[in-house]
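Single-structure report; data block below.
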Amino acid sequence: MKEIWTSIRRTPYQSFSAFLILFFTLFLTLILFVSLTFLYGTLNYLETKPQVTVYFQTKTLENQIFKIRDDLMASGKVLSLKYISKNEAFNIYKQLNKDNPLLLEMVSADILPPSLEVYAKKPIYLPEIAEYLKKQGDIDEVQYEKDIIDKLLVLTNTIRISALIFFSYLILMSIVVLTTMILFKIALKESEITLLKLIGATNFYIRKPYIFESLFLGITASTISFGIFSFIVVYFNSFLQSYFKGITVLSVNVFNYPLNIWPLNYVFFAIVFVSITLFGMIISSVASYIATNKYLKV
Amino acid sequence: MIVFDKVTKKFPLGNTALNDVSFEIDDNQFVFLVGQSGAGKTTILKMITQEISPTSGSIIIDDFDITDKNFSQKIELRRKIGIIFQDFKVLSDKNVFENIAVSLKVIGVDNSDLKAKVKKTLELVGLSKKEMVFPVQLSAGELQRVAIARAIIGDRDIIIADEPTGNLDPKTSWDIMKIFKKLEGKKTIIIATHNTDIVNSFQKRVLVLKDGKIIKDQRKGGYEL
Numbered sequence: 142m143k144e145i146w147t148s149i150r151r152t153p154y155q156s157f158s159a160f161l162i163l164f165f166t167l168f169l170t171l172i173l174f175v176s177l178t179f180l181y182g183t184l185n186y187l188e189t190k191p192q193v194t195v196y197f198q199t200k201t202l203e204n205q206i207f208k209i210r211d212d213l214m215a216s217g218k219v220l221s222l223k224y225i226s227k228n229e230a231f232n233i234y235k236q237l238n239k240d241n242p243l244l245l246e247m248v249s250a251d252i253l254p255p256s257l258e259v260y261a262k263k264p265i266y267l268p269e270i271a272e273y274l275k276k277q278g279d280i281d282e283v284q285y286e287k288d289i290i291d292k293l294l295v296l297t298n299t300i301r302i303s304a305l306i307f308f309s310y311l312i313l314m315s316i317v318v319l320t321t322m323i324l325f326k327i328a329l330k331e332s333e334i335t336l337l338k339l340i341g342a343t344n345f346y347i348r349k350p351y352i353f354e355s356l357f358l359g360i361t362a363s364t365i366s367f368g369i370f371s372f373i374v375v376y377f378n379s380f381l382q383s384y385f386k387g388i389t390v391l392s393v394n395v396f397n398y399p400l401n402i403w404p405l406n407y408v409f410f411a412i413v414f415v416s417i418t419l420f421g422m423i424i425s426s427v428a429s430y431i432a433t434n435k436y437l438k439v
Numbered sequence: 004m005i006v007f008d009k010v011t012k013k014f015p016l017g018n019t020a021l022n023d024v025s026f027e028i029d030d031n032q033f034v035f036l037v038g039q040s041g042a043g044k045t046t047i048l049k050m051i052t053q054e055i056s057p058t059s060g061s062i063i064i065d066d067f068d069i070t071d072k073n074f075s076q077k078i079e080l081r082r083k084i085g086i087i088f089q090d091f092k093v094l095s096d097k098n099v100f101e102n103i104a105v106s107l108k109v110i111g112v113d114n115s116d117l118k119a120k121v122k123k124t125l126e127l128v129g130l131s132k133k134e135m136v137f138p139v140q141l142s143a144g145e146l147q148r149v150a151i152a153r154a155i156i157g158d159r160d161i162i163i164a165d166e167p168t169g170n171l172d173p174k175t176s177w178d179i180m181k182i183f184k185k186l187e188g189k190k191t192i193i194i195a196t197h198n199t200d201i202v203n204s205f206q207k208r209v210l211v212l213k214d215g216k217i218i219k220d221q222r223k224g225g226y227e228l
């Protein structure tokens with residue numbers, strides 16, 4: 142620690158420049174990371190909303206409907222199912238037309254079809270489910286919003302690919318800029334590195350102070366970025382509350398484990414902090430490793 | 004022991020720095036390399052430190068055949084060698100103590116041993132009172148003393164010096180050479196120099212180089228080209 146501080150003190154401008162680049166990179170990464178996480182969470186939420194509604198003929202027995210329901214649940218592609226019997230359909234109808242007694246007089250529970258609302262685990266399963274339902278007997282109609290689902294699928298894929306490309310670019314840019322910055326710093330020490338090589342220092346011995354200093358700068362920059370980001374999030378919390386009004390839970394899958402991101406919680410913040418710190422440590426140490434390589438060929 | 008056997012060095016542009024050079028230097032021997040600029044003195048020193056490799060021939064230093072294609076002990080070899088440069092190469096952002104200690108730190112000497120060894124070496128080169136001073140506050144002679152201290156500390160068996168008095172006035176040059184005199188018989192010392200007076204007065208082995216070849220090898224020689 143003493144050596145890191147001495148090095149920073151002896152080359153303050155280069156260290157400060159490296160810190161600033163790291164800070165802005167990490168702050169930008171943090172904003173993107175959390176924004177994309179929320180986007181994924183929202184997409185996951187929206188993906189469970191599209192549904193297939195199947196209307197059975199009025200003569201269809203409940204046992205037949207329950208068999209279809211059980212088969213769908215067993216397929217592993219269905220998130221949830223809701224059976225609406227004739228009576229429930231009539232109650233809904235009554236509720237919708239409570240101000241129009243004429244319409245209520247004309248309709249009874251017997252003429253309303255029972256139905257199933259099927260929520261798929263992924264939108265991609267919906268056409269398959271719809272096809273399966275169409276092949277069953279006693280089906281009156283199968284409805285699902287094909288265009289909306291297709292657009293949602295295209296949108297989610299586009300966002301995923303764009304995020305991947307943007308993150309790759311951000312990582313590459315950060316490493317290139319940081320390497321250049323650290324090269325400026327190390328260039329001042331070229332004769333020292335040459336001397337150390339000539340008197341028998343190992344490559345690790347020469348790299349160690351630069352990597353440790355970069356790690357220190359990476360951890361400091363990520364901590365400060367996280368602090369400022371957290372302050373902004375807390376400051377705009379009421380706006381977020383109104384923006385996500387009606388959505389009780391948003392979650393994303395992290396290595397097949399669901400992580401709740403909304404409402405904001407300590408676990409999510411802790412994971413964000415650890416991720417951004419690791420990211421800062423990795424890019425800063427990779428950059429200093431590449432930068433030192435140039436001068437180790439004596 | 005250092006053995007050069009038919010060593011030739013040709014650079015890519017075609018100039019020949021060394022041409023079929025052979026010699027042996029025994030352990031703890033004191034040797035001057037003399038010759039005009041471009042004669043090949045620095046090339047020999049750089050080959051010993053493995054900064055450059057020969058085009059042909061073999062070089063053996065102690066048990067290491069450094070020209071063997073499978074040679075992988077460059078670090079171990081360099082830890083046996085102390086180097087002194089004409090331009091000192093003293094680290095400007097480290098004080099005298101730190102400059103000398105770096106030679107021990109690279110070989111992993113404990114901090115407890117390090118302090119005592121550095122103080123002992125500072126005494127040897129006459130810089131005991133300047134251990135906390137930074138290079139910018141030192142004279143050329145003192146800078147060269149720091150460089151010598153850095154080269155001899157850590158039980159390095161071979162000391163090579165490339166024009167160690169090249170940037171110093173005559174009196175300081177003699178003071179510096181007195182330090183080498185103290186090391187005589189304890190370490191192998193190879194000094195490349197143009198300083199006629201020093202070579203003549205020491206009466207040690209002299210290898211005379213001209214156009215990349217050894218033209219004289221005198222056991223107790225003077226400066227003759």
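Residue numbers (the numbering used here), protein chains in the order written: chain A, 142 to 439; chain B, 4 to 228.
Backbone N, C-alpha and C fix where the C-beta goes; we use that ideal spot for every residue, glycine too.
Note that the coordinates shown come from a computational prediction; the quantities given were computed from them, not determined experimentally.
query = Which residues, in chain order, does the region 79 to 96 of chain B contribute to contact with chain A at a C-beta distance below 7 Å?
reply = R81, R82, I86, K92, L94, D96
Minimum length 3: unbroken beta strand (DSSP E) runs contained in the region 234 to 268 of chain A = 256 to 261
inquiry  = Is the beta carbon of I327 (chain A) closer than 8 Å to that of Y346 (chain A)?
reply    = no
inquiry  = According to DSSP, simplified to helix, strand and coil, what is Y196 (chain A)?
reply    = If DSSP states are grouped into helix, strand and coil, Y196 (chain A) belongs with the strands.
task = Would you tell me roughly how many angstroms separate the C-alpha atoms of L161 (chain A) and V193 (chain A), rounded to the nearest one?
result = If you draw a straight line from the Cα of L161 (chain A) to the Cα of V193 (chain A), it comes to about 52 Å.
query = Ends of the beta strand (DSSP E) at D220 (chain B)?
reply = 216 to 221
query = Can you find a C-beta in chain A that's less than 8 Å from the C-beta of T52 (chain B)?
reply = Chain A places a beta carbon closer than 8 Å to that of T52 (chain B), counting this residue as a contact.
ask   = Could you give the C-beta distance for L36 (chain B) and L212 (chain B), rounded to a whole number, given that I count them as a contact under 8 Å?
value = 6 Å
query = What residues in its chain sit with their C-beta under 8 Å from that of I62 (chain B), if we drop five residues either side in the sequence?
reply = Result list for I62 (chain B): I5, V6, F7, D8, V10, M50, I51, D68, I69, T70, in chain order.
is_contact[S56 (chain B), chain A] using C-beta, thresh 8 Å = no
message = In the DSSP output, which residue or residues are listed as bridge partners for Q284 (chain A)?
response = A:T194
ask   = Along chain B, which residues have their Cβ under 9 Å away from the Cβ of Y346 (chain A)?
value = K108, V109, G111
request  = Could you tell me the distance, in whole angstroms, from the CA atom of I156 (chain B) to the CA atom of T178 (chain A)?
outcome  = 58 Å
task = Mind reading off the beta-carbon distance from L171 (chain A) to I334 (chain A)? Whole number of angstroms is fine, and I expect it under 8 Å.
result = The Cβ separation is near 34 Å, so there is no contact.
task = Could you tell me how far apart the beta carbons of I270 (chain A) and K218 (chain A) are, in whole angstroms, since I believe they sit closer than 8 Å?
result = Confirmed, Cβ separation roughly 7 Å.
task = Could you name the residues of the same chain whose beta carbon sits closer than 7 Å to that of I110 (chain B), not counting the 5 residues immediately before and after it, in chain order?
result = R82, G157
ask   = Which residues mark the beginning and the end of the beta strand (DSSP E) in which S25 (chain B) is found?
value = Under the DSSP assignment, S25 (chain B) falls in the beta strand (DSSP E) whose first and last residues are 19 to 28.
query = Within 7 Å: the Cβ of N98 (chain B) and any heavy atom of the ligand ZN?
reply = Among the components modelled here there is no ligand, and therefore nothing to report on the ligand ZN.
query = Quick one: what's R208 (chain B) bridged to in DSSP?
reply = The partner list for R208 (chain B) (beta bridge, DSSP) reads B:V34.
message = How far does the alpha helix (DSSP H) with T389 (chain A) in it extend, from its first residue to its last?
response = No alpha helix (DSSP H) contains T389 (chain A), which DSSP labels as neither H nor E.
ask   = S221 (chain A) and Y273 (chain A): beta carbons closer than 8 Å?
value = Annotated as distal: S221 (chain A) and Y273 (chain A), with beta-carbon spacing of 8 Å or more.
query = Over what stretch of residues does the beta strand (DSSP E) that includes D165 (chain B) continue unbroken?
reply = 161 to 165
request  = Give the C-beta separation of I47 (chain B) and L21 (chain B) to the nearest angstrom, bearing in mind that I take them to be a contact with Cβ-Cβ under 8 Å.
outcome  = 7 Å
request  = Go through its chain and collect everything with a Cβ distance to R148 (chain B)'s Cβ below 6 Å, but skip five positions before and after it.
outcome  = V128, L130
request  = Pick helix, strand or coil for K97 (chain B), following the three-state DSSP scheme.
outcome  = Coil, per DSSP.
request  = Excluding the 5 residues preceding and the 5 following S148 (chain A) in the sequence, name in chain order all residues of the same chain whose CB lies nearer than 8 Å to its CB.
outcome  = S156, P350, E354
Whole-number beta carbon distance between F414 (chain A) and W403 (chain A), since they are thought to touch under 8 Å = That belief does not hold up - the Cβ atoms of W403 (chain A) and F414 (chain A) are roughly 18 Å apart, past 8 Å.
message = Judging by CA-CA distance, which residue of A:G387, A:I412, A:D291 is the nearest neighbour of T364 (chain A)?
response = Closest by alpha carbon: A:I412.
request  = State the beta-bridge partners of V6 (chain B) as determined by DSSP.
outcome  = When beta bridges are read from the DSSP output, V6 (chain B) appears opposite B:E27, B:I63.
query = Any beta-carbon of chain B closer than 8 Å to the one on A342 (chain A)?
reply = yes
inquiry  = Less than 8 Å between the C-beta atoms of D279 (chain A) and Q198 (chain A), yes or no?
reply    = In this structure, D279 (chain A) lies near Q198 (chain A), with their beta-carbon atoms less than 8 Å apart.
key: I86 (chain B) (DSSP reduced to helix, strand or coil)   = strand
task = Quick one: using the 10 Å Cβ neighbour count with 16 as the cut-off for buried, is A42 (chain B) buried or exposed?
result = buried
query = Using 8 Å as the Cβ pair cut-off and three pairs as the minimum, do the region 391 to 410 of chain A and the region 306 to 315 of chain A touch?
reply = no
request  = Tell me whether A119 (chain B) is buried or exposed, calling it buried when 16 or more other Cβ atoms sit within 10 Å of its Cβ.
outcome  = Taking all protein chains in view, the Cβ of A119 (chain B) is surrounded by fewer than 16 other Cβ atoms within 10 Å, so the residue is classified as exposed.
request  = Kindly give me the distance between the Cβ atoms of D251 (chain A) and K227 (chain A), rounded to whole angstroms, as I take these residues to be in contact under 8 Å.
outcome  = Indeed, because the Cβ distance is near 7 Å, the residues count as touching under 8 Å.
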